[in-house]
Amino acid sequence: MRKMIIVTMAFLIFATQVGIALAMLDGNPRQGRFLFRQECRPCHMENPQRQPAAEYLGPDAKRQAEWNEVFENVQALPCYEHWEISEDLLIHIHTYLYQGAADSPTPERCG
Amino acid sequence: MQDGKTPISRRRFLQTSMAAAAVGAGLQSPLVKGLVPRVQAAGSRPDQGEITSHFTACDMCFNRCGMIARKQNGVIKKLDPNPKCLKSRGMICARGNAAVKHIYNPDRLKYPLMRKGKRGEGNWERVSWEEALDYTAEQLMDIAEKHTRCGVMFTPGVDSQARFVQQFADVFGSYNITNHESLCLLSRNRAYLDTFGEVPYPDVLHSRYIIIAGANPLEAFITPDTTDLIEAKKNGCRIVVLDPRFTRTAALAHEWHQIRPGTDMAFFLALCHVIVKGERFCCPDKTFGYDKFVEHVAKYTPEWAEKECGIPARDISRIAHEITEAAPRAMVYPGRRTSDYEDSTQIRRAMAITNVLLDNWDRPGGLLASREVGVRSPFYHIPWYDDNPFDRVEAGKASGLFDDIGSFQLMREAVISGEPYPIRGWFSFKTNFMQTAPDRQKTIRMLDNIDFFVNIDIFMSDTAWFADVVLPGNSFLERKDPVHPLQGSSACACAFIRDPVVEDMFESRPPFWILQELSKRMGFGESFDFTIEEYRKKQVEGLDGALEIMHRDGIYFNPSKVYGIYAGSPLKTLSGVKEIYNQRYERSGDDPMPVYRRPSNPPEGQFRLVVGRTAFFTQSRTNNELLTEFMEENTLHMHPESAERLGLKNNDLVEVASRAGKDRLRLEIDEGIEKRTVYMATGFGSLSPQMSLVYKKGASIAEILEDTHDEITGNAAMHETLVSVRKVS
């Protein structure tokens, strides 16, 4: 019974988070893909083309909830200061990563 | 139960026996003639010259079995299996053997062609590569300017170089890319992805109990599954087949049940009904929605299912108990071509949920997760065009559409309507929708809205026949290909390369070269400014010695983990566990758990048409001298009682008609087919005279099948068509 309550609570919290995130995410995932590949991927790959070098990162590297967490506190990312795009374009990247996350309907590994 | 029944007619038995006797007596049957090189058969001197061996991988279907080409005096004489290829268990099939007639087929495209008359008229002019490429680049750029970059759709086929067509479309700026998969397996992929978080690979070899429904792996080969199925049976695995036809797979099975077409879900829901009532079932704390599911299947009793699917309730209960006893080394085989019904995703969800109850995920003899191969996808930049539309043209037309693949039929609908935006160009590489997509006349109508159509292939396929520019690609035996990663279930996770066994024949060119040349003309040449060697090196960075191993053995194996890959980590589903109850389906208005819908019964005088393929052909690649000796044309299979009612006899020429179209082929009386069902194989009834062996031979499924699709994925629904059959005098 206790386990059931915990699972139910976890689900409700999770569903609420997802619901909020979905309501917010009205970016253009196609443009997000372009921006991600332009701004993030050159550093986040196995053989980085730009500095600071970082680990591989593609939409499927995280779950949808994890991407929401990342973008809730995006300024805290160590690479944030290196970005050359305006704040209003971040929603496109967020939408792209969310829609291709590991637990999304179409998980996308970024080439 | 039809235990051990082999519905072979006396007539067919005699035919087979006579043929065997003829071969034994040394008579020149067509098959024997085909396998003996003509020069030797005529008694000439044997060929001189050193025989050299070259590793390659088959391209006669999607399996990519390892091969060794034997070459003498610059000519490929024979293709042998690569014994080190674990995925194919060191074997190749008849199709692989026949690839020698693929490369040396006189029907091959020899030089670039431009259409002069009307589409489909066959009036072609030979042009130079310069002329063809200049014109193609100009036309594509013209469409981009008038209708945005998304005004061109791209359809790359199954090929090691299809990745470059994807890259070309990306860099050009179109996201209207689709392929054959929406005619094939998307509903299976969707169902398993939405249940387990990824598409599994069945560990057939180590299984103790396998139910196969809606699949025929003994003819539609999947390596290693097909060979492993035979081995598993030897090791004691029980095989149960549900099929309206007595297929080769049914012949292998311990038991075959002639299920009514479209009722598989009833069987599996009833199976689940029994399993959840038993003492042995999976761990509910690793699933989402288990309790709801127990309530959901309460009404789906075996007695209810018997009335729907025709399989006795006692057999359903027995199978449920047997498979539960064998679990977790037991499975419902996921299959591959699941483009059958309008609820095909939900049918596969019922099968996937049965697998959940068997607790076989990530375990020996069950369903396996993808293994690490380690081959990378080299990075490339893509542009952004502000005038491009928001999404792909058929976005939102199906709730579970795959963003990256879409649906050919839904895209075709959008091209015809011009909504939500126009698509006026088509770039096809090795796809043949005129021969494979339901409602061929609709595909032809789509071309009314296409201003420019370029097709790369090695044959003048039915689709190429309607193109404006036809570019001759080279065959896999003439290719230098990038590293191709493969999943091989518990057998292996592997990768291979191809290097040219012989030089490009005629004026054929590698697809990669064609894309390089087009990209230079279209202003993005730098995106393809690399060599295949450079590309391969980037692909295998981090895999020490992989390329050397591929050169030495023809194949590289990554000794990655096979079982327990998740090892307690959350699955890639929304809940992190196996989703029996799918939350996304609920949100999108789809049934979160599969709900049975009774398929419509054919009215009196009509039949349900089901389609499939034989072991000899791969959909539209039937135009092969060696293989058509096995089967010169397709036939319509019909039960003898049904044929008698219609006054039809074996080998009668019949017309098969649906609401989409009609075609003619010979009748084959088949005691092994359900009485209200007829069957035909794919790949025949070609429209293109340059597919000379199958031109107007038999009938094309594309001409008869109606334009219906799976509601969730947009995957084709090829078994929804009802047909009438009449004798042609």
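Protein chains in written order, with this note's numbering: chain D, 1 to 111; chain P, 112 to 840. Idealized CB from N, CA, C, for every residue including glycine.
Pick out whichever of the options has its Cα sitting closest to the Cα of residue i.
i              : options                        : result
R181 (chain P) : P:N174, P:P194, P:E161, P:K195 : P:E161
I516 (chain P) : P:L296, P:V484, P:A331, P:H595 : P:L296
K672 (chain P) : P:R632, P:R482, P:S811, P:R698 : P:R482
N826 (chain P) : P:R230, P:T547, P:E309         : P:T547
E436 (chain P) : P:K418, P:D470, P:E659         : P:D470
K631 (chain P) : P:E241, P:F173, P:D781, P:T259 : P:E241
I784 (chain P) : P:K345, P:L479, P:F718         : P:F718
E81 (chain D)  : D:G32, D:R41, D:P52            : D:P52
E740 (chain P) : P:T167, P:F166, P:S285, P:K212 : P:K212
P328 (chain P) : P:D305, P:R359, P:R301         : P:R359
S528 (chain P) : P:T398, P:S539, P:M557         : P:M557
S488 (chain P) : D:G58, D:W83, D:P29, D:L35     : D:G58
D781 (chain P) : P:G772, P:D774, P:M791         : P:M791
V443 (chain P) : P:P611, P:I321, P:P355         : P:I321
A463 (chain P) : P:S298, P:K760, P:E342         : P:S298
P223 (chain P) : P:V834, P:R698, P:G584, P:N712 : P:G584
G421 (chain P) : P:H368, P:R391, P:G634, P:P705 : P:H368
I458 (chain P) : P:K508, P:A828, P:T832, P:K838 : P:A828
Y491 (chain P) : D:G32, D:A65, D:Q49            : D:Q49
R535 (chain P) : P:D568, P:M571, P:D579         : P:D579
W624 (chain P) : P:I179, P:K591, P:V612         : P:K591
R620 (chain P) : P:Q650, P:Q598, P:F587         : P:F587
T733 (chain P) : P:V767, P:K807, P:Q598         : P:K807
E752 (chain P) : P:R775, P:K773, P:G716         : P:G716
D245 (chain P) : P:T729, P:E779, P:Q627         : P:Q627
Please list the partners that residue i has in chain P, where partner means a Cβ-to-Cβ separation under 8 Å.
i             : result
T95 (chain D) : What T95 (chain D) touches in chain P: nothing, since even the nearest Cβ is about 11 Å away.
Q51 (chain D) : Those within 8 Å of Q51 (chain D) in chain P number zero; the least Cβ separation is about 15 Å.
P59 (chain D) : Simply none; closest approach about 11 Å.
E69 (chain D) : Result: empty, since nearest Cβ-Cβ is about 15 Å, beyond 8 Å.
E46 (chain D) : R487, E652, G653
Quick one, are the C-beta atoms of residue i and residue j less than 9 Å apart?
i              : j              : result
E39 (chain D)  : I93 (chain D)  : yes
F577 (chain P) : L251 (chain P) : no
P413 (chain P) : I427 (chain P) : yes
Q552 (chain P) : E755 (chain P) : no
A575 (chain P) : S803 (chain P) : no
Q99 (chain D)  : L25 (chain D)  : yes
P372 (chain P) : V836 (chain P) : no
D218 (chain P) : Q801 (chain P) : yes
I676 (chain P) : D473 (chain P) : yes
D103 (chain D) : K683 (chain P) : yes
M225 (chain P) : A243 (chain P) : yes
Y854 (chain P) : L478 (chain P) : This structure cannot settle anything about residue 854 (chain P), because the visible part of chain P is limited to 112 through 840.
P593 (chain P) : S271 (chain P) : yes
V765 (chain P) : K689 (chain P) : no
G700 (chain P) : S455 (chain P) : no
Please report the Cβ distance between residue i and residue j, rounded to the nearest whole angstrom; I am assuming they are in contact, meaning their Cβ atoms lie under 8 Å.
i              : j              : result
I770 (chain P) : E817 (chain P) : Here residue 770 (chain P) turns out to be Arg, not Ile, going by the sequence shown. Yes, R770 (chain P) and E817 (chain P) are in contact; Cβ-Cβ is about 6 Å, under 8 Å.
S518 (chain P) : E530 (chain P) : About 15 Å; that fails the 8 Å criterion.
A438 (chain P) : D375 (chain P) : Incorrect: roughly 20 Å between the Cβ atoms, too far for contact.
A326 (chain P) : G446 (chain P) : 3 Å
R695 (chain P) : D402 (chain P) : R695 (chain P) to D402 (chain P), Cβ: 19 Å. No contact.
H830 (chain P) : V789 (chain P) : Rounded, the Cβ-Cβ distance is 11 Å, inconsistent with contact.
What residues of chain D sit near residue i, judged by a beta carbon separation below 7 Å?
i              : result
L685 (chain P) : D103
F265 (chain P) : Ordered by position in chain D, no residue passes the 7 Å Cβ test against F265 (chain P), which lies about 15 Å from the chain.
R695 (chain P) : P105
Y286 (chain P) : R30
G511 (chain P) : P105
W495 (chain P) : Q31, F34
What residues of chain P sit near residue i, judged by a beta carbon separation below 7 Å?
i              : result
P107 (chain D) : K683
Identify the contact partners of residue i in chain P, using a Cβ-Cβ distance below 9 Å as the criterion.
i             : result
I99 (chain D) : The amino acid occupying residue 99 (chain D) in the given sequence is Gln; Ile does not appear at that position. What Q99 (chain D) touches in chain P: D514.
List, in order along the chain, the chain D residues whose C-beta lies closer than 8 Å to that of residue i?
i              : result
H492 (chain P) : R37, Q38
G308 (chain P) : A102, D103
Which residues of chain D have a Cβ atom closer than 9 Å to the Cβ of residue i, listed in chain order?
i              : result
D502 (chain P) : N28, P29, R30
| message | Could you check whether the stretch 324-343 of chain P touches the stretch 499-516 of chain P, counting it as contact only if at least three pairs of C-beta atoms, one from each stretch, sit closer than 8 Å? | response | Using a Cβ-Cβ distance cut-off of 8 Å, the stretch 324-343 of chain P and the stretch 499-516 of chain P are not in contact, since fewer than three pairs of beta carbons, one from each stretch, lie closer than that value.
| Three or more C-beta pairs below 8 Å linking the stretch 511-531 of chain P and the stretch 490-497 of chain P | They do not touch, by the three-pair rule.
| Between the stretch 25-39 of chain D and chain B, which residues of the former have a C-beta closer than 8 Å to a C-beta of the latter? | Considering every chain present, this structure includes no chain B. Its protein chains are D and P.
| said: Whether or not the stretch 655-670 of chain P and the stretch 595-606 of chain P are in contact is what I'm after, with contact meaning three or more pairs of Cβ atoms, one per stretch, closer than 8 Å; do they touch? | reply: Using a Cβ-Cβ distance cut-off of 8 Å, the stretch 595-606 of chain P and the stretch 655-670 of chain P are in contact, since at least three pairs of beta carbons, one from each stretch, lie closer than that value.
| request: For the stretch 345-360 of chain P and the stretch 193-202 of chain P, state whether three or more C-beta atom pairs, one from each stretch, are separated by less than 8 Å. | output: Because the criterion of three Cβ pairs below 8 Å is not met, the stretch 345-360 of chain P and the stretch 193-202 of chain P do not touch.
| Can at least three beta-carbon pairs, one atom from the stretch 460-477 of chain P and one from the stretch 246-260 of chain P, be found at a separation below 8 Å? | Contact between the stretch 460-477 of chain P and the stretch 246-260 of chain P is absent, because fewer than three Cβ pairs lie under 8 Å.
| task | Could you tell me whether the stretch 448-456 of chain P touches the stretch 635-647 of chain P, where touching means 3 or more Cβ pairs closer than 8 Å? | result | The stretch 448-456 of chain P makes no contact with the stretch 635-647 of chain P: fewer than 3 CB pairs, one atom from each, lie closer than 8 Å.
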